[in-house]
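Asker:
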Amino acid sequence: MWWAWPFLPALVLLSELSVVRVQTAPCQTCQKLTESFIKGLEKTSNKNFGGGNTAWEEEKLAKYARSETRLLEIVEAACEKTDFDCNQLLEQIEDQVETWWFHRQQEAPDLFEWLCIEELRLCCPPGRFGPDCKECSSGPGGVCGGLGRCEGEGTRLGDGECVCDPGYSGHLCQSCADGYFREKSSNVSKGACAACYHSCKKCVGPQDYKCLDCKPGWILHDNKCVDVDECGTELARCPSNTYCHNTDGSYECRGCDQACVGCMGSGPARCKKCARGYRLKGSKCLDVDECSERAIACPGLNEACINELVQKRDCLMT
């Protein structure tokens, strides 16, 4: 091993620790490594040997430019010590890096293309995806019509399906998604997709009265989407000791007051039944004052009964 032998124990350890991690994102790891390598090339391109003799220095620079010494300097700084994926990959591709450095650099100056795409077959060129680097679906605006991204583009992964930008849908992202409409344009097919009013599923404009269809929880009335009160229908399902609270386009179940066993709304006046320690007074379930009703006797001569909430009392020294 022409460069790694001093670091072999560390690299073996890194190999054991990171084999799974490299497999998770091989193209990204290779791309990151080659980018770091190119930075190393740039950093070492202005090597200054000193001495004051220009001819001698130029000769030294010429020898250093393609030397193993320079390669070792670049490789040593190519990966962060804690980057397991990078170090693992770097150990595995020693022969390829050496081949490019000494024999292929002039005819293949793009290290990423030569190494990651052609040699290691970890990545694909732009606009391609998958194991065989198939071409991504393209439209008038480019890949995915210029309105989305190709799943797996640039890697050997993915299925090539278009993942559309927000507001767009369809095979090439040329249609407006639910909740969006096509803005007017001289060319209808080129108009951008803009958001409908928040309650509209389909619409012809951004205003609330331009709805064609409504999102769940709303109903169309005179081109407007009106909120459905689920609490007034059988649509709402709330667990025991909670009540239904209507919200825009939906509902939520809220807890009953502590004075209640079951309720129809917020507060002690909406109880179906009073909890233990509470009694219906007027229209509210209120705390029972056991002390004033002499329901509780304190055993001590100098003790006074102190009423507390939820059927509690204490006898305190006076």
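Residue numbering for the sequence shown is -24 to -1, 1 to 294, as defined by mature numbering (1 follows the signal peptide of the UniProt record, and there is no 0). Every residue gets a Cβ at the ideal spot worked out from N, C-alpha and C, and that includes glycine.
On the three-state DSSP scale, how would you describe Ser12?
Answerer: It is helical.
Asker: Quick one: what's got a C-beta closer than 6 Å to Cys3's C-beta in the same chain, skipping five residues either side?
Answerer: Contacts found: Leu98, Cys99 and Thr131.
Asker: Taking only three categories from DSSP, how would you classify Gly231?
Answerer: DSSP places Gly231 in strand when its eight states are reduced to three.
Asker: If you check the beta carbons only, do Cys126 and Cys112 fall under 8 Å apart?
Answerer: In this structure, Cys112 lies closer than 8 Å to Cys126 by Cβ.
Asker: If you run the structure through DSSP and keep just helix, strand and coil, what is Ile69?
Answerer: Residue state, collapsed to three classes: coil.
Asker: Beta strand (DSSP E) containing Val139: first to last residue?
Answerer: Per DSSP, Val139 belongs to the beta strand (DSSP E) from Cys138 to Cys140.
Asker: In whole angstroms, what separates the C-alpha of Gln150 from that of Pro192?
Answerer: If you take the alpha carbons of Gln150 and Pro192, they lie about 25 Å apart.
Asker: Determine contact between the stretch 129 to 147 and the stretch 172 to 182, defined as no fewer than three beta-carbon pairs at a distance below 8 Å.
Answerer: These segments do not touch.
Asker: Exposed or buried, Asn63, counting other C-beta atoms within 10 Å across all chains shown (16 or more means buried)?
Answerer: Asn63 should be labelled buried.
Asker: Can the beta-carbon of Glu206 be found closer than 8 Å to that of Tyr227?
Answerer: Cβ distance < 8 Å, so Glu206 and Tyr227 count as in contact.
Asker: Assuming Arg255 and Cys247 form a contact by the criterion Cβ under 8 Å, report the distance between their Cβ atoms to the nearest whole angstrom.
Answerer: The Cβ separation is near 11 Å, so there is no contact.
Asker: Keeping to the same chain, check which residues put their C-beta closer than 8 Å to that of Pro182; ignore five residues upstream and five downstream.
Answerer: Counting only Cβ-Cβ distances below 8 Å, and skipping sequence neighbours, we find Phe157, Ala170, Ala171, Cys172 and Tyr173.
Asker: Return yes when the C-beta of Arg97 is under 7 Å from any heavy atom of the ligand COA, and no when it is not.
Answerer: The ligand COA is absent from the structure shown, which contains no ligand whatsoever.
Asker: By how many angstroms is the C-alpha of Ser161 removed from the C-alpha of Asp189?
Answerer: One C-alpha to the other measures close to 23 Å.
Asker: Using the beta-carbon count (16 or more within 10 Å), is Arg104 buried or exposed?
Answerer: Arg104 comes out buried.
Asker: Got a sec, what are the start and stop residues for the alpha helix (DSSP H) Val180 sits in?
Answerer: Neither: Val180 is in no alpha helix (DSSP H) and is coded neither H nor E.
Asker: Could you spell out the range, first to last residue, of the alpha helix (DSSP H) harbouring Arg46?
Answerer: Glu44 to Glu52 is the span of the alpha helix (DSSP H), which, as asked, contains Arg46.
Asker: Looking only at DSSP bridge pairs, what is Cys169 linked to?
Answerer: Answer is Arg158.
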